[in-house]
């Protein structure tokens, strides 16, 4: 017997279709029914590759006693956060206000009618354990509180509603000075330096902003800043968070040594990490382990995450079935190794060298098994590459060099019933998410430029053309695509990250030839920016709203806090500065200033919350345009220029090779490479 979620396009919602809970999707009918029946709304938000979402689905949400009580006393609603990040953002903020922390599954209880939250949490076990109460007892206590403690309920609702409103209407301070930028860069550096017992996340928005501190003259010493940023890169490419056998980065590690990952692979992480590693390489951290990680990740993207139409799928689960008869999937089984397997499948020489360069012991480092983690930097020898390719064949049942595409398991049923030549793979969520695809396009563009890989740029252009041709319906951009069908209107992060990706492709195309092209690219960027401004710019407050105001949202947020992905406003404001440089249209620069002023209080008081806004502030204060003739472009390769846009020109004044403008003023034409490099050092060194 299935519930209302059985016909959902979302894989996450369909995973709950056979729960005995009478789930509703988030819709007007559900919200109205809750109001008419006077039932508090039990809102549960998650995503398909979330491990603890999967655990709770198999435990509490499949429990008949819990379901009977839930159905009788609550209106249960399921939301895929990847479909509705605006809904998720509001209630995640509320949960953090109530408990001081957040995470998924996000389970929160709302009053019917006004949808104000009054209680929330994340994972709830069926029986009391892990210091958490049993789920049924929680539900019973909540219903009793709702029925009998009306004054306390009203007071709690008022406090939450006022806090949410206050957070959505932050005042501006009017300060955008150099000291503010220095404070933001230093804060990101200190966050990147902090090392504890875990869990460890990539935290790329902080890493990208910290890398900018290497160009700040007042950072003491600058080399220490670069070493901090380099260490984050090495943690990523050497640690267990990276799949050394098949490429791609996992979401995070559960420990402080970057050893044991939470095994899901998210598209958004991989795009951001690729871009950061490319920037790190330009900044001078050039190690074979970085280049190998990039190449392996692009190969993984092509093999396992690319739809034949050119776009990229969203994520791969952390769990997989160990056999077709297994009742539940196991975490990390697809990626881990028994020591006995290594002994039997590798030659003594291969195993000995593997043990020399990886953390390998007979007892393992993850529940008796082995997660591969490198112990040394640099490129791998032919012997090690051969050993890892043998493990690839064991996992996939095919040779690494001949397996060009690996079909996804789209759901648990496919995973268990299809015949796989190797291990049963994790389920792949095959929806297309515009913002996540855009992050991958930016990563591919950055890598193409740095390593001169036209095939990387081809992949980015192919993906961009799909988005531009398929995600507009009746003149409006859409966020998702399910099997070729666009769905759900685009939100602020979709517009911002798409525009950034197109700007990144435009810049990479100057340095790296491609077999494809995006017709009228700059005109398309300007057109999309105009749509974004028209729909989501806040005329009263400045900055961009997350989504268009609708009756189902209790507030209209303007996100500025970076999480696993960069905040839309930080990216959007940086885009405006970049567009000003390319078009010389001061309206873009004026709007960027308005956006930064709108969040200036947050920049000053909570620099730890918004590294992407500080990156935008860096663009605003230090934006530089270099007009250069084509035969001199190669002279700029290998420079880390975080706030520079390049414009190729046919001619310059006689004797000049480049023309550098910083902000609203220009330097004299550079007539030699030495002069050009000196001007760029001056522009890119923060005073």
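In the working numbering, the protein residues as written are 83 to 769.
Ideal Cβ positions, reconstructed from N, Cα and C, are used throughout, including at glycine.
CB contact below 8 Å: residue i versus chain B
| i | result |
| --- | --- |
| residue 215 | The structure shown contains no chain B; it is built from a single protein chain. |
Check whether residue i and residue j have beta carbons under 8 Å apart
| i | j | result |
| --- | --- | --- |
| residue 348 | residue 333 | yes |
| residue 122 | residue 187 | no |
| residue 626 | residue 688 | no |
| residue 338 | residue 285 | no |
| residue 765 | residue 731 | no |
| residue 604 | residue 664 | yes |
| residue 696 | residue 296 | no |
| residue 568 | residue 553 | yes |
| residue 486 | residue 374 | no |
| residue 414 | residue 440 | no |
| residue 206 | residue 156 | no |
| residue 204 | residue 185 | yes |
| residue 477 | residue 328 | yes |
| residue 521 | residue 354 | yes |
| residue 365 | residue 308 | yes |
| residue 100 | residue 84 | yes |
| residue 298 | residue 267 | yes |
| residue 546 | residue 491 | no |
| residue 102 | residue 87 | no |
| residue 336 | residue 344 | yes |
| residue 175 | residue 249 | yes |
| residue 428 | residue 469 | yes |
| residue 519 | residue 393 | yes |
| residue 258 | residue 682 | yes |
| residue 506 | residue 562 | no |
| residue 262 | residue 686 | yes |
Residue(s) in a DSSP beta bridge with residue i
| i | result |
| --- | --- |
| residue 212 | Answer is none; residue 212 lacks a bridge partner. |
| residue 743 | 707, 748 |
| residue 397 | 348, 511 |
| residue 199 | 192 |
| residue 569 | 562 |
| residue 388 | 394 |
| residue 456 | 440 |
Neighbour-count burial assignment, residue i, 16 or more Cβ in a 10 Å radius
| i | result |
| --- | --- |
| residue 511 | buried |
| residue 744 | buried |
| residue 247 | exposed |
| residue 616 | exposed |
| residue 321 | buried |
| residue 189 | buried |
| residue 112 | buried |
| residue 750 | exposed |
| residue 713 | exposed |
| residue 464 | exposed |
| residue 120 | exposed |
| residue 212 | exposed |
| residue 602 | exposed |
| residue 555 | exposed |
| residue 517 | buried |
| residue 346 | buried |
Inter-residue CB distance, residue i and residue j (contact presumed, cutoff 8 Å)
| i | j | result |
| --- | --- | --- |
| residue 159 | residue 637 | That pair is no contact at about 18 Å. |
| residue 362 | residue 376 | Residue 362 to residue 376, Cβ: 11 Å. No contact. |
| residue 418 | residue 451 | 4 Å |
| residue 558 | residue 571 | 6 Å |
| residue 641 | residue 654 | The Cβ separation is near 10 Å, so there is no contact. |
| residue 482 | residue 471 | 5 Å |
| residue 808 | residue 130 | This structure gives no information on residue 808, because the portion of the chain shown stretches from 83 to 769. |
| residue 222 | residue 151 | 7 Å |
| residue 581 | residue 600 | Actually they do not touch by this definition, with Cβ atoms about 13 Å apart. |
| residue 350 | residue 136 | Actually they are not in contact, since the Cβ atoms of residue 350 and residue 136 sit about 19 Å apart, beyond 8 Å. |
| residue 168 | residue 161 | At roughly 10 Å, the Cβ-Cβ gap does not stay under 8 Å, so residue 168 and residue 161 are not in contact. |
| residue 608 | residue 542 | About 20 Å; that fails the 8 Å criterion. |
| residue 270 | residue 288 | 5 Å |
Distance cut-off 7 Å: residue i Cβ against heavy atoms of the ligand ADP
| i | result |
| --- | --- |
| residue 618 | No copy of the ligand ADP appears in this structure; indeed no ligand is present at all. |
Discussion item. Would the region 375 to 395 count as touching the region 523 to 533 if we require 3 or more Cβ pairs under 8 Å?
Written reply: Between the region 375 to 395 and the region 523 to 533 there are three or more inter-stretch CB-CB distances shorter than 8 Å, so the stretches are counted as touching.
Discussion item. Counting beta carbon pairs with one atom in the region 91 to 102 and one in the region 619 to 637, are three or more of them shorter than 8 Å?
Written reply: Contact fails: fewer than three Cβ-Cβ distances are below 8 Å.
Worksheet item: Touching or not, the region 499 to 519 and the region 391 to 406, by the rule of three or more beta carbon pairs under 8 Å?
Response: Segments in contact, yes.
Practice prompt. State whether the region 588 to 607 contacts the region 529 to 539, with contact taken as three or more CB pairs (one from each stretch) at a distance under 8 Å.
Written response: By the criterion of at least three beta-carbon pairs nearer than 8 Å, the region 588 to 607 is in contact with the region 529 to 539.
Item to complete: Indicate whether the contact test is met: 3 or more Cβ pairs, each with one atom in the region 719 to 730 and one in the region 697 to 710, closer than 8 Å.
Response: Pairwise C-beta distances place the region 719 to 730 in contact with the region 697 to 710, as three or more of them are shorter than 8 Å.
Fill in: Touching by the beta-carbon criterion (3+ pairs, under 8 Å), the region 364 to 374 and the region 486 to 495
Taking one beta carbon from each stretch, the region 364 to 374 and the region 486 to 495 have fewer than 3 pairs nearer than 8 Å; the two do not touch.
Worksheet item: For the region 754 to 764 against the region 731 to 740, are there 3 or more C-beta pairs whose distance is under 8 Å?
Response: The region 754 to 764 makes contact with the region 731 to 740, as at least three CB pairs between them are under 8 Å.
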